[in-house]
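Working notes for the structure below.
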Amino acid sequence: MDMEQQPDNNSNKNRKCTDIYAPIAWFILLFSVIAYCLIFSNSSILTKGRDECGNVCGELNDGNLNDQCGPHDMRNYPKLLNQRHVNKSWIIEYKCVTDCPQNIPDNFIQCWEKGDFLKVPNFLTDYGMKVNAFLRYMMTSWIGLGIYCAFSFLFSIIILILLRFIPQATIWAIPILLTGLLFLLAVLSFAFSFDSSSDGIESYLYIYVGFFVIMMFVFVKKIILAGKIFGEMTKSMIKVPWILILPILTFLTLTILIAAFLFTSLWIETSGTFSPGTSEDGKFELKYEGTKIMKVIRILNILTFAWLGNFIINCQHFIIAGSVTKWYFTRDKSGLGGINKSSVTNLVRFHLGSVCFGSVVVPVVRLIHFGFRIVKCIKASVNFCFKGMQPQRCNQEFDSIDKIFGIYTKSSYVLIDSHGTSFWESGKKSYDLVLENLGDIYWLNLFKDILLLLNQMFVPFVGIFAGLFIVVIFEKLPIKDQILNLISFSGL
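Mapped onto my numbering, the consecutive letters of the sequence shown carry residue numbers 1 to 492.
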């Protein structure tokens with residue numbers, strides 16, 4: 001990056017709002033969905049339930065104009081009774097009652113007859129048994145799991161400190177130690193293998209050991225360069241400690257977003273209409289059907305959720321990229337006490353529209369990518385012939401496009417925060433910079449992912465060995481159950 005592309009750490013006097021139309025369009029889209037849900041939906045259907053005539057229990061139902069079922073005033077019938085048909089046990093009848101019968105338990109605002117109404121598929125039963133077994137393993141070895149968590153957290157902090165002060169030695173030590181642990185695990189697996197079906201495990205472990213050794217000898221220069229970058233990264237993290245809190249805030253925000261998405265999805269499902277029909281026992285019934293607008297709103301809700309999720313993540317990328325860039329390109333770092341505050345201010349006051357606009361591109365590509373994955377699965381399962389279409393090839397191409405757009409957007413956010421330009425203008429500059437340094441960017445991203453993966457593998461392996469050593473001493477359970485507990489929990 002030349003001098004003209006260095007960040008401007010001066011005041012924001014000449015900085016203007018960029019891409020302001022993007023958040024305006026987003027707010028119009030969002031509030032239109034919310035307004036439709038508030039006007040045409042009825043959330044009481046989810047909580048109180050409805051009978052076979054579309055009446056919500058405990059309410060007046062003055063909007064129900066169909067008189068074939070009799071009166072619609074259910075204010076004196078607050079509970080929904082779910083009961084089997086007298087002659088046809090596979091049919092469930094729904095009607096509003098004053099109170100639950102004596103032989104049917106009262107479940108808050110509904111009355112459920114004992115017994116299973118629906119036959120649970122076999123694969124769900126098998127899955128439930130596996131979950132139950134896993135929970136049993138965890139409950140019987142909570143001491144070992146707690147020790148494992150403590151060791152994993154401790155080694156994570158130690159690795160972060162080592163990357164700050166001795167990055168080169170740490171970068172080399174992690175793959176070497178991981179290779180040694182894999183080799184030790186292969187030896188132990190060979191020594192304690194009593195089942196002939198597990199003979200292939202040692203072979204796979206030896207292959208992994210050979211792969212790591214070859215990788216370390218072939219890519220020596222790239223690993224050294226990655227070590228320098230990791231060293232600078234940890235310096236900026238220690239100088240700007242608020243960066244470590246941003247992922248936690250992002251996680252909490254995404255959790256709230258997921259809860260809101262589920263809530264709005266359920267609310268949208270109650271915004272349909274009732275049409276006359278016939279039930280399985282031949283009686284009149286109002287069937288609940290979704291309107292065309294409701295089906296469009298479903299898709300719109302999913303797109304809004306994908307857009308908002310990417311927007312929240314991109315806000316984190318914008319703040320981190322701006323803070324690290326300003327710290328790296330500033331010679332006198334004594335006056336950089338509030339660069340996180342500066343990046344947050346630039347985001348909220350000027351460039352929220354650019355981040356919002358940039359958050360549209362990646363979700364669209366990912367949705368198309370997801371569509372080709374579905375097509376690939378359908379073709380693999382039913383052997384369906386698509387004329388002129390190769391889902392596997394399209395899936396790989398969109399996977400590459402997704403990664404390229406991710407690099408472009410992150411680079412664009414650095415230039416937006418540095419120069420205050422719009423998303424398109426920053427994207428053009430980012431394209432030139434990425435194209436000029438494409439080889440270095442590709443290899444650095446590749447080795448960054450490999451080193452992070454090795455680090456993520458190293459911490460659980462150390463935790464497993466340390467926790468297993470202490471568990472064997474203090475626990476009386478079989479060694480097989482302890483290994484299953486630790487490996488399962490490390491997978492989580």
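Glycine residues also receive a C-beta, built at the ideal position from the N, C-alpha and C atoms.
To which residues does DSSP link residue i through a beta bridge?
| i | result |
| --- | --- |
| residue 50 | 56 |
| residue 96 | 80 |
In chain order, what residues of the same chain have a beta carbon less than 6 Å from the beta carbon of residue i, not counting five sequence neighbours either side?
| i | result |
| --- | --- |
| residue 160 | none |
| residue 17 | 350 |
| residue 261 | 305 |
| residue 99 | none |
| residue 50 | 56 |
Below 7 Å CB to CB, which residues in the same chain sit around residue i once its five sequence neighbours on both sides are set aside?
| i | result |
| --- | --- |
| residue 309 | 254 and 257 |
| residue 319 | 246, 340, 343, 344 and 347 |
| residue 415 | 421, 426, 429 and 430 |
| residue 321 | 410, 413, 414 and 417 |
| residue 313 | 250 |
| residue 432 | none |
Whose C-beta lies closer than 8 Å to the C-beta of residue i among residues of the same chain, with five residues either side of it excluded?
| i | result |
| --- | --- |
| residue 20 | 353 |
| residue 297 | 33, 36, 37, 268 and 271 |
| residue 317 | 409, 410 and 413 |
| residue 55 | 61, 64, 69, 72, 74 and 96 |
| residue 14 | 420 |
| residue 361 | 405 and 409 |
| residue 59 | 44, 48, 74 and 75 |
| residue 169 | 162 |
Identify which residue in the options has its Cα closest to the Cα of residue i.
| i | options | result |
| --- | --- | --- |
| residue 405 | 417, 430, 158 and 415 | 430 |
| residue 263 | 46, 15 and 26 | 46 |
| residue 417 | 368, 355 and 80 | 355 |
| residue 52 | 293, 81, 187 and 368 | 81 |
| residue 234 | 58, 99 and 165 | 165 |
| residue 217 | 59, 172 and 184 | 172 |
| residue 28 | 423, 300 and 312 | 300 |
| residue 434 | 424, 407 and 423 | 407 |
| residue 294 | 313, 249 and 265 | 265 |
| residue 250 | 315, 291, 187 and 273 | 315 |
| residue 180 | 48, 25, 248 and 210 | 210 |
| residue 26 | 330, 437 and 311 | 311 |
| residue 183 | 291, 158 and 213 | 213 |
Could you check whether residue j and residue i sit closer than 8 Å to each other, using their CB atoms as the reference points?
| i | j | result |
| --- | --- | --- |
| residue 221 | residue 167 | no |
| residue 350 | residue 22 | no |
| residue 243 | residue 323 | yes |
| residue 162 | residue 230 | no |
| residue 111 | residue 78 | no |
| residue 232 | residue 328 | yes |
Can you determine whether any heavy atom of the ligand GDP sits closer than 7 Å to the C-beta of residue i, and answer yes or no?
| i | result |
| --- | --- |
| residue 245 | Absence of the ligand GDP from the depicted structure is noted, as is the absence of any ligand whatsoever, leaving it without description. |
Would you check if the stretch 37-44 and the stretch 72-83 touch, i.e. whether three or more CB-CB distances between them fall below 8 Å?
By the Cβ rule, the stretch 72-83 does not count as touching the stretch 37-44, because fewer than three pairs are nearer than 8 Å.
Using 8 Å as the threshold, is the stretch 298-316 in touch with the stretch 21-33, meaning 3 or more CB pairs across them?
Counting Cβ pairs under 8 Å, three or more are found: they touch.
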